[in-house]
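Going by this note's numbering, the first residue of the first sequence is number 1484, and it counts up by one from there. In this text, a Cβ means the ideal position worked out from N, Cα and C, and glycines have one as well. Note that the structure is predicted; figures quoted are calculated from it, not measured. A short write-up of the structure that comes next.
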Amino acid sequence: MLSELNQEQKEAVTTTEGPLLVLAGAGTGKTKVLTTRLAYIINEGKARPFECLAVTFTNKAAREMRERLENLISGENAADVWMGTFHGICLRILRVNAEKLGYAKNFVVYGEDDSEKLIKEILNGDDRYQPKTIMNIISRWKDQALTWDKVPDNYNSDLPTEARKIYETYQKRLREMNAMDFGDLILNTLTLLQTDTATATKYQNKFRYIMVDEYQDTNIAQYLWLKLLSMGHNNIACVGDDDQSIYAWRGAEIANILRFEQDFAGAKIIRLESNYRSTQHILACASRLIAHNSQRLGKDLKVAPNINGNGEKVVIRGVFNDRAEADFVANTIRNALNNGMNGGKIAVLVRASFMTRLFEEAFLIRAIKYRITGGLRFYERKEVMDIIAYIRLLLNRNDDMAFSRIINTPRRGFGNTALNNIRQYAYDKGCSFFEALTEMTSNDILKKAAKKTAEDFVNMFAEWRQRLDTDDHCELLKKMLTDIDYVAKMKLDREREENFSEVVKSLSDFRTMENLMEHVSLDFGAEEADTMTGCVSIMTLHAAKGLEFDCVFLPGWEDGLFPSSKTMDESPDGLEEERRLAYVGITRGRRNVIISFAANRKVYDQWMRSQPSRFLSELPKNNIKLWLDRGIVLTERLYE
DNA sequence: AAGGTTAATGTTTTT
DNA sequence: CATTAACCTT
């Protein structure tokens, strides 16, 4: 097991005791180290599987780790390791302990959509602020482990003082509906561990070894959570790369990784710097670029022995406009495909998703098969969320957000004013929307027509609830969908109808409706169709983190677009984060990296003149090959 | 309450 | 331009 590792990797695997930070540069075998280390601990008998905690940020990463672990440990059961996302692990802990925090065990998890709708409801027509903005502020507070009562008065001078008040109301409403949002999963678990010593001790003793992936992406709440959980045995190993921290705008604190040695006394730091992915020219560009950042622990990627050698220089292509850029990329790819290259090994990585359009068009013309990753996820589609809301209300009649979503979907003559009446009634009585509706139907408050539809709605749910215990859950769902006649009433097109039946189908993978809900709320299924093999990938730089491609195109390297002026206006650290994003982009490439910029670009239907990205001038001259069209210049001097 | 019209607004999005 | 939310008319 250890024989396949290099010296640093071996050290990272066998250093099991005490705090450890593994600084793993791009392509240095991070996942391998993580899984091998876990297997090593278990195989050496240092801990049993269920005494190990391995935390990741994505379900994909957790699945991958689990699969690889299964191949490494024998006899022991990989399934017993506590492995999952921060949110997943927290959910697991909270399901058992919710009552200690005043929640019922079967609380629901609200997604962004529900949260925003709830904020909107709380704002009560006040259109001075956007629900999204408020929700963002609240989420950032939660990221920083600030419960509403701990938000300082002078939190932010240009922030409406009402935000904190809204936060308070928001939490109160969530509690009434027995719901938590994503941030609550972390924050409530943290509160539980901080306030309930017995519970804290239990988990602290349980987890002998803790491992964390992508540590550079943790926020303050997650840091405090880890700190608390690791207090028992003090064996915490964090793997990450400060140079790949690109989620500050979502609350990630790069300071967590920069401060690791101070935070965890006696911490050991191991650097993985042998890169098994890219050629020398690519690494040289990446290294020189990232060297311009000040906030870093410092690390130098070296080409791993026997890998690839110098390879080809990084190409910088300057063209007249965005159209020419897309044509260039598409032509180059068409050529490569004609020469037998597999399209699946090629990627176009853009800064912002609107940039994918031109490439799509250019690819279509040339019959280049492509796939766009990102965009709406399966469970975020309207028709899918609608069914989910039906299930949610069925399982939890206090779920007012689900109620609001479906009371008039499909249309049943129950519009906004009616919903407002219900809201008012529920507010006055301190009951849920569903109860309000039920009472209103029996109290003759409603007009005749409305009364009829309301009664039907209530009766429909009453019948479904009865069947919940007796009927097969798949059959029940089918019945529900027939009863509401969704497909016909919503005039679904072919694609949407397929999405719809996909949910019905996926329910059969789960034992109960509750099981499906758990899955839906935290694991937004990325249905990777296998028919997509051989397709060129188009995605954002953010989505590309963790992936690799033989050939990578990085278009749109223009000041204002990349680095994005918006990010730089937002925060003084913005430029460095953008640079890390550029670093992530370059280090995705194994053999070819082709950067491009256009002198003119149509943005919102307006032609904009743009300057080449300042990042271009931060690349080492000897490792790049310039290819500029007539009249296109790189004004800044290039580094030697 | 529904449907049609106009005005505003355009990054990145692991859970 | 093109999408979407808010608005206004029936």
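Given a length threshold of 3 residues, each whole run of the beta strand (DSSP E) inside the stretch 1973–2052 is given here in chain order: 2019–2023, 2032–2037. Of 1854, 2105, 1957, the smallest CA-CA separation from residue 2020 is found for 1854. By the criterion of a C-beta distance shorter than 6 Å, residue 1773 is surrounded in its chain by 1726, 2066, once the five residues flanking it on both sides are discounted.
Secondary structure note for residue 1580: it is in no beta strand (DSSP E), and the uninterrupted alpha helix (DSSP H) holding it is 1569–1580. Here residue 1547 has 1514 as same chain residues with Cβ atoms under 7 Å from its own Cβ, once five neighbours each way along the sequence are excluded.
About 5 Å separates the CB atoms of residue 2017 and residue 1827; that is less than 8 Å, so the two are in contact. Within a 10 Å sphere around the beta-carbon of residue 1611 sit fewer than 16 other beta-carbons, which makes this residue exposed. Closest in C-alpha terms to residue 1591, from the list 1820, 1812, 1877, comes 1877. Below 8 Å, enough C-beta pairs join the stretch 1737–1747 and the stretch 1709–1727 to call them touching: three or more. Our two residues, residue 1754 and residue 1551, have alpha carbons roughly 22 Å apart in a direct line. Within the stretch 1595–1623, the runs of alpha helix (DSSP H) that reach at least 4 residues and sit entirely inside it are, in chain order, 1595–1606. Counting only residues of its own chain and dropping the five nearest sequence neighbours on each side, residue 1618 has a CB closer than 8 Å to the CB of 1595, 1598, 1599, 1602. For residue 1914, there is no enclosing alpha helix (DSSP H), as DSSP marks it with neither H nor E. Residue burial is scored here from C-beta neighbours: residue 1691 has at least 16 other C-beta atoms within 10 angstroms and is therefore classed as buried. A direct Cα-to-Cα measurement between residue 2049 and residue 2042 gives close to 11 Å.
Annotation: the stretch 1828–1879 contains the following complete segments of the beta strand (DSSP E) (minimum length 3 residues), in chain order: 1829–1833, 1853–1855.
Counting only runs of at least 4 residues, the stretch 1488–1558 fully encloses the following alpha helix (DSSP H) elements, listed from N- to C-terminal order: 1490–1497, 1513–1526, 1542–1553. Of 1808, 1967, 1841, the smallest CA-CA separation from residue 1869 is found for 1967. When the beta-carbon positions are compared, residue 1801 and residue 2100 stay at least 9 Å from each other. Here residue 1768 has 1797, 2069, 2102, 2106 as same chain residues with Cβ atoms under 6 Å from its own Cβ, once five neighbours each way along the sequence are excluded.
Residue 1887 carries a helical assignment under DSSP once its states are collapsed to helix, strand and coil. Distance between residue 2044 and residue 1814, taken at the CA atoms: about 23 Å. In the structure shown, residue 1896 falls within a coil segment according to DSSP collapsed to helix, strand and coil. The C-beta distance from residue 2110 to residue 1719 rounds to 48 Å, too long to meet the 8 Å contact threshold. Here residue 1883 is buried, its C-beta having at least 16 other C-beta atoms within 10 Å. The alpha-carbon separation between residue 1866 and residue 2081 amounts to approximately 39 Å. Put simply, the stretch 1829–1847 touches the stretch 2025–2039. At least three CB pairs are less than 8 Å apart. For residue 2098, there is no enclosing alpha helix (DSSP H), as DSSP marks it with neither H nor E.
Within its own chain, the residues whose Cβ lies closer than 6 Å to the Cβ of residue 2091, once the five positions on either side in sequence are excluded, are 2084, listed in chain order. The beta carbons of residue 1765 and residue 2072 sit about 5 Å from each other, so the pair counts as a contact at 8 Å. Residue 1907 and residue 1913 have their alpha carbons spaced roughly 10 Å apart.
Under the DSSP definition of a beta bridge, residue 1593 partners with 1664. A Cβ-Cβ contact shorter than 9 Å links residue 1498 with residue 1751. Cβ-Cβ distances below 6 Å link residue 2028 to 2067 in the same chain, with the five nearest sequence neighbours on each side left out; the list follows chain order.
Taking 9 Å as the cut-off, the beta carbon of residue 1564 is found no closer than this to the beta carbon of residue 1620.
Assigned with DSSP and collapsed to three states, residue 1824 falls in coil, not helix or strand.
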